[in-house]
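Going letter by letter, the sequence shown gives residues 5 to 497 in the working numbering.
Each residue gets a CB set at the ideal place from its N, CA and C atoms; glycine is no exception.
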Amino acid sequence: MTLRVHNTLTGKKEDFVPVREGKAGMYVCGVTVYDYCHVGHARAATVFDTIYRYLLYKGYDVTYVRNFTDIDDKIINRANEEKIPWQAVTEKYIRAFYEDMGRLNVAAPTHEPKATETIPEMIAMIAALVERGKAYELDGDVYYSVKAFEDYGQLSGKKIDDLIAGARVEVNERKRDPLDFALWKKSKPGEPFWESPWGRGRPGWHIECSAMSKKFLGDRFDIHGGGKDLVFPHHENEIAQSCGAAGHAPVKYWIHNGFVNINKEKMSKSLGNFFTIRDILGKYHPEALRLFLLSSHYRSPIDFSDQGLDEAEKTLDRYYDFFAETAKVLDPEKDKFDPVSEDFIQSHALLKKFDEAMDDDFNTAVALAHMGETLRTLNATKDEFSQSAKDPAKMAERPYLYIKLEAGMAALKETGVILGLFHAKPDVYKARKQTKKIEELKLDAGEIERLIAARNSARAAKAWDQADKFRDELSRMGVVLEDTPGGTVWKVK
Numbered sequence: 005m006t007l008r009v010h011n012t013l014t015g016k017k018e019d020f021v022p023v024r025e026g027k028a029g030m031y032v033c034g035v036t037v038y039d040y041c042h043v044g045h046a047r048a049a050t051v052f053d054t055i056y057r058y059l060l061y062k063g064y065d066v067t068y069v070r071n072f073t074d075i076d077d078k079i080i081n082r083a084n085e086e087k088i089p090w091q092a093v094t095e096k097y098i099r100a101f102y103e104d105m106g107r108l109n110v111a112a113p114t115h116e117p118k119a120t121e122t123i124p125e126m127i128a129m130i131a132a133l134v135e136r137g138k139a140y141e142l143d144g145d146v147y148y149s150v151k152a153f154e155d156y157g158q159l160s161g162k163k164i165d166d167l168i169a170g171a172r173v174e175v176n177e178r179k180r181d182p183l184d185f186a187l188w189k190k191s192k193p194g195e196p197f198w199e200s201p202w203g204r205g206r207p208g209w210h211i212e213c214s215a216m217s218k219k220f221l222g223d224r225f226d227i228h229g230g231g232k233d234l235v236f237p238h239h240e241n242e243i244a245q246s247c248g249a250a251g252h253a254p255v256k257y258w259i260h261n262g263f264v265n266i267n268k269e270k271m272s273k274s275l276g277n278f279f280t281i282r283d284i285l286g287k288y289h290p291e292a293l294r295l296f297l298l299s300s301h302y303r304s305p306i307d308f309s310d311q312g313l314d315e316a317e318k319t320l321d322r323y324y325d326f327f328a329e330t331a332k333v334l335d336p337e338k339d340k341f342d343p344v345s346e347d348f349i350q351s352h353a354l355l356k357k358f359d360e361a362m363d364d365d366f367n368t369a370v371a372l373a374h375m376g377e378t379l380r381t382l383n384a385t386k387d388e389f390s391q392s393a394k395d396p397a398k399m400a401e402r403p404y405l406y407i408k409l410e411a412g413m414a415a416l417k418e419t420g421v422i423l424g425l426f427h428a429k430p431d432v433y434k435a436r437k438q439t440k441k442i443e444e445l446k447l448d449a450g451e452i453e454r455l456i457a458a459r460n461s462a463r464a465a466k467a468w469d470q471a472d473k474f475r476d477e478l479s480r481m482g483v484v485l486e487d488t489p490g491g492t493v494w495k496v497k
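The following block contains the structure:
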């Protein structure tokens, strides 16, 4: 099946045919580094990380660019509030961003330029726009003339005559038109600045991405991504800038992810209804958040809730329980059966269904549904394989069940890698969960071990009533015991 992607520019799904055969160039708008990232940022990062991973899986040579906006009014304001240099603000939150992305298993892009590292390219592009009559200078400021670009509004569907200045559109009585937007801002006293043909100043927000995408991907590339809120004015303005400078459209496919909503409102810092990634990861496993964010199609809004995250974590538990239990069942049997070939794994029905779902505009929701069906089937196969060892009549089925289980587990893990899931070792995952539960319940592991030792002593002395009292006390604490040949093991409910 051919990969098809929804193009915001046309409003349709289209076959993905890259500009250069076998290669894919992708630019995604990154964060403005003045604060900790919230769950809305996590969704964009996770969505485009998954698209990146899938393109690699499909065999494309991918150049993935994701920027940092590290000069902006918000950064300057934060620096003034905290009475620290603006560079200290950006360094702090870039570090925090990497920490958050690392925990979410977001892969590093090919290039991660900072806006401040690309100032010469921005100045060159602005100069080209002025020279071509697409922009004009006013006392040290440079503005793009929106009416000089007749196709303005093609991405958002907005018409120039219907637009009014507002939101992130700057109002300035000196501008030729209220819709004209800043390419270069004259510096104010005490603000950071760079030298330019128009005097000291700094770039506008929109020109940053046009210049950075051109620097690393050229003036024609495949995918430009970002949140739905960036369609207008940011991406609309990028098109105007890039078309004005190069004379043709910069991007083939515009891809936008939907909002994360709280009470049917977009999660955002401006509304104050947000949770940082750190807030959530203090309570939930990072993979649970990633799974939750991929459980809906990327273009659909997703309603954020503890209930949704609880369900995601339970689902994740089922996968890791399966991996741990299956390894325990299969490992002692490996010498008895032929290894499963890679070709056999690649022919697994799950991979075909997974590819079909992802080829349909990266439909992770359907892909995860197929993975869930496979998990249920494999759990039944695991039980059947375990039982067959005790039934002479079923011994002949064991090689088939072994291959089915081994290949199915490998296929599940392969799809998980593409979605950025299942990268923890099952025993490490389970240990982390236990530690977290112990902390939440304020339990003392030393006290638990003492009670277990006392119970074992009572059992050894055949003081069964006393042993049961210790078990009951542990049960009231939320501790479940399992007596094994190797000793008593415990876990928290």
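{"Item": "Start-to-end residues for the alpha helix (DSSP H) that takes in H498", "Value": "Outside the displayed span of the chain (5 to 497) sits residue 498, for which this structure offers no information."}
{"Item": "Cα-Cα separation between F220 and V496, rounded to whole angstroms", "Value": "51 Å"}
{"Item": "For F225: DSSP bridge partner residues", "Value": "V255"}
{"Item": "Sufficient close CB pairs (3 or more, under 8 Å) joining the region 407-426 to the region 349-356", "Value": "yes"}
{"Item": "Among I456, G251, A397 and I98, nearest to D39 - alpha-carbon criterion", "Value": "I98"}
{"Item": "Cα-Cα separation between I211 and S200, rounded to whole angstroms", "Value": "14 Å"}
{"Item": "Host alpha helix (DSSP H) of F389 (start-end)", "Value": "T368 to S392"}
{"Item": "Entirely enclosed alpha helix (DSSP H) segments - the region 37-86, minimum 4 residues", "Value": "43-61 and 77-86"}
{"Item": "Assigned secondary structure, Y148 (DSSP; H/G/I helix, E/B strand, else coil)", "Value": "strand"}
{"Item": "Local Cβ density within 10 Å of R172, reported as buried at 16 or more and exposed below that", "Value": "In this prediction, R172 scores a pLDDT of 47, lower than 50, which makes its location untrustworthy; the coordinate-derived value is nonetheless stated afterwards. The residue is exposed, with fewer than 16 neighbouring Cβ atoms inside 10 Å."}
{"Item": "Top-ranked residue by Cα proximity to A112, from T122, I80, Y140 and V69", "Value": "V69"}
{"Item": "Limits of the unbroken beta strand (DSSP E) element including L142", "Value": "A139 to L142"}
{"Item": "T122 in three-state terms, based on DSSP", "Value": "coil"}
{"Item": "The region 123-140 contacting the region 84-103, beta-carbon criterion three pairs below 8 Å", "Value": "no"}
{"Item": "Selection from G450, E444, I422 and K473 that minimises the alpha carbon distance to A60", "Value": "The residue asked about is misnamed: residue 60 is Leu in this sequence, not Ala. Of the candidates G450, E444, I422 and K473, the one whose C-alpha sits nearest the C-alpha of L60 is I422."}
{"Item": "Reduced DSSP secondary structure (H/G/I, E/B, other) of V421", "Value": "helix"}
{"Item": "Limits of the unbroken beta strand (DSSP E) element including V483", "Value": "V483 to T488"}
{"Item": "Neighbour-count burial assignment, R24, 16 or more Cβ in a 10 Å radius", "Value": "exposed"}
{"Item": "Per-residue DSSP class, three states only, for F326", "Value": "helix"}
{"Item": "CA-to-CA distance, S299 to P290, given in whole angstroms", "Value": "14 Å"}
{"Item": "C-alpha distance - K218 paired with K332, whole-angstrom precision", "Value": "52 Å"}
{"Item": "Rounded straight-line distance, which links the Cα of H228 to that of H10", "Value": "12 Å"}
{"Item": "Exposed unless 16 or more other CB atoms sit within 10 angstroms - verdict on Y102", "Value": "exposed"}
{"Item": "M105 - partner residues in DSSP beta bridges", "Value": "Paired residue(s): none; M105 is not in a bridge."}
{"Item": "Cβ-Cβ distance between T73 and T114 below 8 Å", "Value": "no"}
{"Item": "Close-in-space but distant-in-sequence residues of the same chain around G44 (CB under 6 Å, 5 per side omitted)", "Value": "V264 and M271"}
{"Item": "D395, enclosing beta strand (DSSP E) - first and last residue", "Value": "Element bounds for D395: n/a, residue is neither H nor E."}
{"Item": "CA nearest to the CA of I407, picked from L13, D65 and E337", "Value": "E337"}
{"Item": "Element boundaries [beta strand (DSSP E), containing P237]", "Value": "P237 -> no beta strand (DSSP E), and no H or E assigned at all."}
{"Item": "Euclidean distance between Cα positions of A186 and A328", "Value": "56 Å"}
{"Item": "Nearest-angstrom Cβ-Cβ length linking C33 and T280, presumed shorter than 8 Å", "Value": "Rounded, the Cβ-Cβ distance is 19 Å, inconsistent with contact."}
{"Item": "Where K394 falls, given that 16 or more other Cβ within 10 Å makes a residue buried", "Value": "exposed"}
{"Item": "Identity of the residues DSSP links to Y31 by a beta bridge", "Value": "V69 and H228"}
{"Item": "Sequence-distant residues of its chain with Cβ nearer than 7 Å to Y147 (five each side left out)", "Value": "A139, Y140, K179, D184, F185, A186 and L187"}
{"Item": "For E444, the three-state DSSP class (helix, strand or coil)", "Value": "helix"}
{"Item": "Beta strand (DSSP E) segment containing F474, residue limits", "Value": "No beta strand (DSSP E) holds F474; the alpha helix (DSSP H) holding it covers W468 to R480."}
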